[in-house]
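Chains as they are written, first to last, in full-length UniProt numbering: chain A, 1 to 341; chain B, 1 to 341.
Below is one structure; the comments refer to it alone.
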DNA sequence: CTGAAAGCGCTAACAG
DNA sequence: CTGTTAGCGCTTTCAG
């Protein structure tokens, strides 16, 4: 019932605990014969090192926190996979906490993680600046933070991993134009997250270049849920603003918008083509399936985990920014003849 | 930089560490004045108890594992919320691991959690019997397991929380019939999970009762993804089996099926009504929105966490089975006149 | 090559 | 009411 300890082995073999420890750790100064005996006994008695004791000894908790804005979409779950692929192997536990797009909940989550004594935190934030001071404090107190996806304003010197938002947004805009779209709506993300401004800028640059930019088509939203997508496009229709396509900040906005259009009897992609940024199964779970910029989420997670371990192992190591490459995937939601309408 | 310890406070105030400890823990025998001084100093020096030390002292890790079959849908995320709502408050960390519907990965996950020295495990399993022996071993070694949603065959005496699958499936079948459906397909879940057989039985009972049961309409699937839903309905169409509605084991099967039908130009719900079991945002993220049995996922999580804590605190406490109440929500996917077709 | 002893940070008898 | 001591399980000097 009670787990076997070093002391148990020590009694069992009439050896000191230090010898047992050395044998188990494959230390230099240990008689091969002794080592063998110890290993056998350990095996027999089902010895498992007590991780808590090790943690105390080494002054680590061997756990890290992952804080994400939402878990309605599988976005974070995919990132988690990457993180775990890297960290579980080296004995690290990951504790995931969801902020529900609220900077205040994010605060609570970070505070909780500090109480949990995590060795580090991987964070996808809710608001570019709101909690900056807290991030700084936490890091000063000795817990490194690595950011991904939504990163903080550049006042902070931190490691982060992002994708090439501007370029991919540009390419997606080009794609829409190449299929004959002229009135391209952009459903913007929250102005408080960097990706949103980057994607909007990419979109705008291309539309300007083609001489079809119209500020009326840059639509502010009030969040990133299905509901927000629906509201935004409802508003457009109400205002009577004509459009033949939508490029949304996220899957969720795109899907919310698309479903509302379908509800109104508007055909996708024939009357309105739709696309967005993704990297999750969500884009293929609707009909028509969404064309989207697929982000390498698992890789993002692995990269973030790697950067975090660098910081944990050497707190003075340089901060690094990794820019990963996303790629466009064309699906049914933008599949129409290249002619107009 | 280095965290403040009891010893630091002890030096600072010239008191023994035990007095400090007592003051902080609000023990009986402590002079109010001393207590005040200690509390102030602790505040000032930013003292935070070292959880690892506490864990070692109390012989706990203050962490539990949550093992789930998938994270593509927000099902598990919702359950996680409930678990955390209960456990984070009492200082428990939860470590979530995903089995990807593979019993072997589930084994790995459980093994990893044992290595992590978790105090208990909450498990939504992949296969009713495959890992039974392992569950028993883990519990024997002292780590309690509580099951939810998909529970093991009844050879095991364990706490579990489920919903009233049979009844709800029956009610959903009645609903379809009340809207005029006569050829109701059931997309079955894996025969290796209890809920699947329960839901199928509920469906069958009602169809038999109404004299419209046809074994051809009980369709086996090869999994529970969008793809499996699509394959199943594709097969039905190929075989030329007529049907006017589908009741699916899960959201994902229903959505996969629905999207394929829409792709084929078949109208939902006019030509085929669709519904399923859910409890997540997925059912409202498609068009038309899915009628479904909404399970109280957060409550499931809370209940499971509560049952687990019972076992952690007293390993000899009785196992309990909680049956929660789900409820039907009617949405667009089954909204048609009550007449035929 | 092995053992004794100290210590990671904390709590809880046990004395006083 | 406070201090001393021991101990949770493990590693690592330091002696031998």
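Using N, Cα and C, we set each Cβ at its ideal position, and we do this for glycine too.
When you compare the CB of residue 63 of chain A with every CB in chain B, is at least one pair closer than 8 Å?
Yes - at least one Cβ of chain B is within 8 Å of the one on residue 63 of chain A.
Extent of the continuous beta strand (DSSP E) run through residue 327 of chain A
Residue 327 of chain A -> beta strand (DSSP E) spans 327-329.
So for residue 10 of chain A, helix, strand or coil by DSSP?
If DSSP states are grouped into helix, strand and coil, residue 10 of chain A belongs with the helices.
Contact criterion: CB-CB distance below 8 Å. Does residue 147 of chain A meet it with respect to chain B?
So, not an interface residue.
For residue 143 of chain B, decide whether its Cβ has a neighbour in chain A, counting only Cβ atoms nearer than 8 Å.
Chain A, which has no Cβ nearer than 8 Å to the Cβ of residue 143 of chain B, makes this no.
Give a yes or no on whether the C-beta atoms belonging to residue 165 of chain A and residue 198 of chain A are separated by under 8 Å.
Contact annotation: residue 165 of chain A and residue 198 of chain A have beta-carbon atoms nearer than 8 Å.
What residue from A:252, A:192, A:232 and A:322 has the CA that sits closest to residue 308 of chain A's CA?
The residue with the shortest Cα to Cα distance from residue 308 of chain A is A:322.
Cβ neighbour criterion (16 or more within 10 Å) applied to residue 31 of chain B:
Looking at its Cβ environment, which holds fewer than 16 other Cβ atoms inside 10 Å, residue 31 of chain B is exposed.
Quick check: the region 74-82 of chain B against the region 78-93 of chain A, are there 3 or more CB pairs under 8 Å?
By the C-beta criterion, the region 74-82 of chain B is judged not to be in contact with the region 78-93 of chain A, since fewer than 3 inter-stretch pairs fall below 8 Å.
Could you check what DSSP says for residue 93 of chain B in three-state terms: helix, strand or coil?
Of the three classes helix, strand and coil, the one that applies to residue 93 of chain B here is strand, per DSSP.
With respect to the beta strand (DSSP E) encompassing residue 247 of chain A, which residues constitute its N-terminal and C-terminal limits?
It spans 245-248 - the beta strand (DSSP E) in which residue 247 of chain A sits, taken as one unbroken run.
Skipping 5 residues on each side, what residues in its chain have a beta carbon closer than 7 Å to that of residue 186 of chain B?
The answer, listed in chain order, is 200, 203, 217, 218, 219 and 247.
Whole-number beta carbon distance between residue 236 of chain A and residue 243 of chain A, since they are thought to touch under 8 Å:
Indeed, because the Cβ distance is near 7 Å, the residues count as touching under 8 Å.
Would you mind sorting residue 340 of chain B into buried or exposed? The rule is 16 or more other CB atoms within 10 Å of its CB.
Low per-residue confidence applies at residue 340 of chain B: pLDDT is 39, beneath 50, and the placement is therefore not dependable, though the value from the model is reported in the following sentence. So residue 340 of chain B ends up on the exposed side.
Less than 8 Å between CB atoms is the rule here; does residue 323 of chain B satisfy it with respect to chain A?
No - not a single Cβ of chain A is within 8 Å of the one on residue 323 of chain B.
Please list, in chain order, the chain A residues whose beta carbon lies closer than 8 Å to that of residue 53 of chain B.
Per Cβ cutoff of 8 Å: 56.
Helix, strand or coil for residue 86 of chain B, going by three-state DSSP, please let me know.
When DSSP states are grouped into helix, strand and coil, residue 86 of chain B belongs to the helix group.
Going by DSSP, what residues sit across from residue 184 of chain B in a beta bridge?
BP columns for residue 184 of chain B point to B:245.
Just the C-alpha distance for residue 119 of chain B and residue 88 of chain B, rounded to the nearest angstrom, thanks.
C-alpha of residue 119 of chain B to C-alpha of residue 88 of chain B: approximately 14 Å in a straight line.
Exposure of residue 11 of chain B, with buried meaning 16 or more beta-carbon neighbours within 10 Å
By the neighbour-count rule (16 or more Cβ atoms within 10 Å), residue 11 of chain B is not buried but exposed.
Cβ neighbours of residue 159 of chain A in the same chain (closer than 6 Å, five flanking residues each side left out):
Taken in chain order, the residues that qualify are 146, 307, 319 and 320.
Could you tell me which residues DSSP pairs with residue 122 of chain B in its beta bridges?
Paired residues: B:66 and B:146.
Would DSSP call residue 335 of chain B helix, strand or coil?
Coil at residue 335 of chain B, not helix or strand.
Using DSSP bridges, identify the partner residues of residue 324 of chain A.
Residue 324 of chain A is bridged to A:163.
To the nearest angstrom, report how far apart residue 70 of chain A and residue 207 of chain A are at their CA atoms.
Approximately 31 Å, taken between the alpha carbons.
Reference residue 132 of chain A; option with closest CA among A:263, A:189, A:193 and A:312:
When C-alpha distances from residue 132 of chain A are compared across A:263, A:189, A:193 and A:312, the shortest belongs to A:193.
Taking a contact to mean a Cβ-Cβ separation below 8 Å, would you say residue 143 of chain B touches residue 101 of chain B in this structure?
Not in contact: residue 143 of chain B and residue 101 of chain B (Cβ atoms no closer than 8 Å).
Can you check whether the C-beta of residue 339 of chain A is within less than 8 Å of a C-beta belonging to chain B?
With a pLDDT of 42 at residue 339 of chain A, under the threshold of 50, the modelled position of this residue cannot be trusted; read the value that follows with caution. Not one chain B Cβ lies under 8 Å of residue 339 of chain A.
Beta carbon of residue 72 of chain B, beta carbon of residue 286 of chain A: below 8 Å?
Taking 8 Å as the Cβ cut-off, residue 72 of chain B and residue 286 of chain A do not qualify as a contacting pair.
Name the two residues that bound the continuous alpha helix (DSSP H) containing residue 271 of chain B.
Annotation for residue 271 of chain B: no alpha helix (DSSP H) segment contains it, and DSSP assigns it neither H nor E.
State the CB to CB distance for the pair residue 117 of chain A and residue 17 of chain B, rounded to an integer number of angstroms; the pair is presumed to be in contact (CB under 8 Å).
Rounded, the Cβ-Cβ distance is 19 Å, inconsistent with contact.
If I'm right that residue 296 of chain B touches residue 326 of chain B with Cβ under 8 Å, what's the distance once you round it to whole angstroms?
For residue 296 of chain B against residue 326 of chain B, the beta-carbon gap comes to about 7 Å, under 8 Å, which counts as contact.
The beta strand (DSSP E) enclosing residue 294 of chain B, as first and last residue numbers:
291-294 is the extent of the beta strand (DSSP E) around residue 294 of chain B.
I need the DSSP call for residue 300 of chain B, collapsed to helix, strand or coil.
Helix at residue 300 of chain B.
Using the rule of at least 16 other Cβ atoms within 10 Å of the residue's Cβ for burial, across every protein chain shown, is residue 47 of chain B buried or exposed?
Looking at its Cβ environment, which holds 16 or more other Cβ atoms inside 10 Å, residue 47 of chain B is buried.
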